[in-house]
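**Student:** Below is one structure. I have some questions about it.
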Ligand code: TXA
Ligand code: MG
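In this note's numbering, the protein residues as written are 9 to 344.
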């Protein structure tokens, strides 16, 4: 465990005072030695922000208790909200979770890529217990970013990595976003440019060969059914299995108003298609483009300190389902 892990353990309440001690270095993923630098920090028990194809992750060695505790401290994340374990490949996942034939089929088809699978964890599996927040399941994902996978492979252990933002806030889609939110609290950010997808991975629970959509993403329930010929159940029609699915999430500082066709006084309007707005998620109504721009534009609008961010209607199909999920949480009553 690194020095800062101990410092945090000694004074958990005053975490900001204890942890704001780093001069954060930003290194391009293209720079020689970037992967090695990240691996060295992680091996020391420190946190490193890494690029993925969805959003930037705040990564720690998932087997190191002190490192994982730092994730919760830096994000101010409730301890009952489990983390995703990022693996380099299917073989690495096999060491930590039980992989049924259906789960393996999903991994073979969609990995590496923005699909997280929640699977039964193997007994004595070696992952620090706060990662799964006391659940008997573990969320695993193999990111598309080659840099992320090279870091994991070189470290030889999975990385616990939530989105690299304070809990409940907008997820970061660039190294600059991470620096603005977490600068001074972590030693290193690996810069992989703007993330391609722009919203977090889809999460599917797989138990007894039944599939449950826990979080919509760019890979849709229909995409999954088309591959495995198995229906995907909605989490709302079943028990909610993820304690982290809090109502208010992905929230900018400003209030958010949905389904807006024009701006009211003091509002910034984020448009889509024919609703032009002050900025347009996709003038040509492309949902993938809208997902890519979503958090970036909400962050930009927020910096203008409007009375409210108004957002045009987004069609609720394909990736639009995931966009509307994020928007409803952004507009939900704030619980803090
Ligand atoms: O795209 C992504 O998934 C990004 C990048 C960094 O990989 N990560 C991400 O992590 O979005 P985070 O922590 O922001 O969201 C993880 C979600 C939470 O809603 C959590 O409740 C859920 O995954 N989760 C984690 N482990 C779970 C489990 N065992 N059962 C159910 N849900 C779980
Ligand atoms: Mg998050």
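Here a beta-carbon is modelled for each residue, glycine too, at the ideal position from N, C-alpha and C.
What three-state label does DSSP hand residue 332 in the structure shown?
**Tutor:** Here residue 332 is taken as the residue at index 324 of the chain shown, counted from 1. Correct three-state label for residue 332: helix.
**Student:** On a CA-only basis, which of 101, 324 and 170 is nearest residue 58? Give me that one, please.
**Tutor:** Numbered from 1 along the chain shown, position 50 holds the residue referred to as residue 58. That would be 170, whose Cα lies nearest to the Cα of residue 58.
**Student:** Which runs of the alpha helix (DSSP H) at least 4 residues long sit entirely within the segment 207-239? Give them in chain order.
**Tutor:** Fully enclosed alpha helix (DSSP H) runs of 4 or longer: 229-236.
**Student:** Check each residue's C-beta against every heavy atom of the ligand MG and list, in chain order, those closer than 7 angstroms.
**Tutor:** For the ligand MG, the selected residues are 170, 171, 173, 179 and 208.
**Student:** CA-CA distance, residue 87 and residue 286?
**Tutor:** Taking the first residue of the chain shown as position 1, residue 87 is located at position 79. Taking the first residue of the chain shown as position 1, residue 286 is located at position 278. Taking the straight line joining both Cα atoms gives about 38 angstroms.
**Student:** With DSSP as the reference, identify every bridge partner of residue 145, one or two as the case may be.
**Tutor:** For this step, residue 145 is matched to residue 137 along the chain shown. Partner(s): 128.
**Student:** For the segment 250-297, which segments carrying the beta strand (DSSP E) assignment without a break, of at least 3 residues, lie completely within its bounds, in sequence order?
**Tutor:** If we require 3 residues or more, the beta strand (DSSP E) runs fully inside the segment 250-297 come out as 263-265 and 275-279.
**Student:** Residue 149: beta carbon under 7 angstroms from a heavy atom of the ligand ATP?
**Tutor:** The model depicted lacks the ligand ATP and carries the ligand TXA and the ligand MG instead.
**Student:** Quick check: residue 299 and residue 280, are their CB atoms within less than 8 angstroms of each other?
**Tutor:** Locating residue 299 in the chain shown gives position 291, counting from the first residue. Locating residue 280 in the chain shown gives position 272, counting from the first residue. No, the Cβ-Cβ distance between residue 299 and residue 280 is not below 8 angstroms.
**Student:** For the ligand TXA, is there any heavy atom lying closer than 7 angstroms to the beta carbon of residue 65?
**Tutor:** Here residue 65 refers to the residue found at position 57 when the chain shown is read from its first residue. Yes, the ligand TXA has a heavy atom inside 7 angstroms of this Cβ.
**Student:** Going by C-alpha to C-alpha distance, which of 216, 290, 240 and 341 sits closest to residue 264?
**Tutor:** Translated into the one-based positions of the chain shown, residue 264 becomes position 256. Nearest C-alpha to residue 264: 341.
**Student:** Please report the straight-line C-alpha distance between residue 327 and residue 242, rounded to a whole angstrom.
**Tutor:** Along the chain shown, read from residue 1 onward, the residue named residue 327 stands at position 319. Along the chain shown, read from residue 1 onward, the residue named residue 242 stands at position 234. For residue 327 and residue 242, the distance between alpha carbons rounds to 15 angstroms.
**Student:** Under a three-way DSSP split, which group does residue 94 fall into?
**Tutor:** What you label residue 94 is simply residue 86 of the chain shown in a count that begins at 1. DSSP places residue 94 in strand when its eight states are reduced to three.
**Student:** Tell me, please, whether the segment 309-316 touches the segment 269-276 by the rule of three or more beta-carbon pairs shorter than 8 angstroms.
**Tutor:** At 8 angstroms Cβ cutoff, the stretches touch.
**Student:** Measure how close the beta-carbons of residue 262 and residue 310 come, nearest whole angstrom, since I'm counting them as under 8 angstroms.
**Tutor:** For the purposes of this step, residue 262 is taken as the residue at position 254 of the chain shown. For the purposes of this step, residue 310 is taken as the residue at position 302 of the chain shown. Indeed they touch by this definition, with Cβ atoms about 5 angstroms apart.
**Student:** Tell me whether residue 335 counts as near the ligand TXA, meaning its Cβ is closer than 7 angstroms to at least one heavy atom of that ligand.
**Tutor:** The sequence position of residue 335 within the chain shown is 327, counting from 1. Because no heavy atom of the ligand TXA lies under 7 angstroms away, the Cβ of residue 335 does not count as near it: no.
**Student:** Roughly how many whole angstroms lie between the Cα atoms of residue 192 and residue 30?
**Tutor:** Mapped onto the chain shown, residue 192 falls at position 184. Mapped onto the chain shown, residue 30 falls at position 22. Residue 192 and residue 30: Cα-Cα distance of roughly 5 angstroms.
**Student:** Beta carbon of residue 244: closer than 7 angstroms to some heavy atom of the ligand TXA?
**Tutor:** On the chain shown, residue 244 is found 236 positions in, with the first residue counted as 1. Result no, Cβ not under 7 angstroms from the ligand TXA.
**Student:** Have a look at 145, 325, 103 and 283 and flag the residue whose alpha-carbon is nearest the alpha-carbon of residue 228.
**Tutor:** Within the chain shown, the letter at position 220 stands for residue 228. The option with the nearest alpha carbon to residue 228 is 325.
**Student:** Excluding the 5 residues preceding and the 5 following residue 139 in the sequence, name in chain order all residues of the same chain whose CB lies nearer than 6 angstroms to its CB.
**Tutor:** Locating residue 139 in the chain shown gives position 131, where the first residue counts as 1. So the list reads 70, 76, 91 and 168, once near-sequence residues are dropped.
**Student:** Excluding five sequence neighbours on each side, which residues of the same chain lie with their C-beta closer than 7 angstroms to the C-beta of residue 111?
**Tutor:** Here residue 111 refers to the residue found at position 103 of the chain shown. Taken in chain order, the residues that qualify are 125, 127 and 214.
**Student:** What does the Cβ neighbour count give for residue 8, buried or exposed, with the cut at 16 atoms within 10 Å?
**Tutor:** The first residue shown for the chain is 9 and the last is 344, placing residue 8 beyond what the model contains.
**Student:** Suppose you measure from the CA of residue 103 to the CA of residue 186; what does that come to, to the nearest Å?
**Tutor:** Taking the first residue of the chain shown as position 1, residue 103 is located at position 95. Taking the first residue of the chain shown as position 1, residue 186 is located at position 178. Looking at the two C-alpha atoms, the distance is approximately 31 angstroms.
**Student:** Whose C-alpha, out of 159, 156, 165 and 337, is nearest the C-alpha of residue 224?
**Tutor:** Translated into positions along the chain shown, residue 224 becomes position 216. The residue with the shortest Cα to Cα distance from residue 224 is 337.
**Student:** From residue 156 to residue 78, what distance separates their C-alpha atoms?
**Tutor:** Residue numbering aside, residue 156 sits at position 148 when the chain shown is read from its first letter. Residue numbering aside, residue 78 sits at position 70 when the chain shown is read from its first letter. Looking at the two C-alpha atoms, the distance is approximately 20 angstroms.
**Student:** What three-state label does DSSP hand residue 137 in the structure shown?
**Tutor:** As a position in the chain shown, residue 137 is number 129, starting the count at 1. Helix.
**Student:** Among the residues of its own chain, which have a CB less than 7 angstroms from the CB of residue 334, if the five just before and after it don't count?
**Tutor:** The residue given as residue 334 occupies position 326 in the chain shown. If we look at residue 334 and ignore the five residues flanking it on each side, its Cβ neighbours are 207, 258 and 302.
**Student:** Taking the alpha-carbon positions, what's the residue 48 to residue 165 distance?
**Tutor:** Position 40 of the chain shown, counted from the first residue, corresponds to residue 48. Position 157 of the chain shown, counted from the first residue, corresponds to residue 165. Going by the C-alpha atoms only, they are around 13 angstroms apart.
**Student:** Straight-line CA distance for residue 159 to residue 266?
**Tutor:** As a position in the chain shown, residue 159 is number 151, starting the count at 1. As a position in the chain shown, residue 266 is number 258, starting the count at 1. Spanning the two alpha carbons is a distance of roughly 39 angstroms.
**Student:** Going by DSSP, name the residue or residues bridged to residue 36.
**Tutor:** Mapped onto the chain shown, residue 36 falls at position 28. 199.
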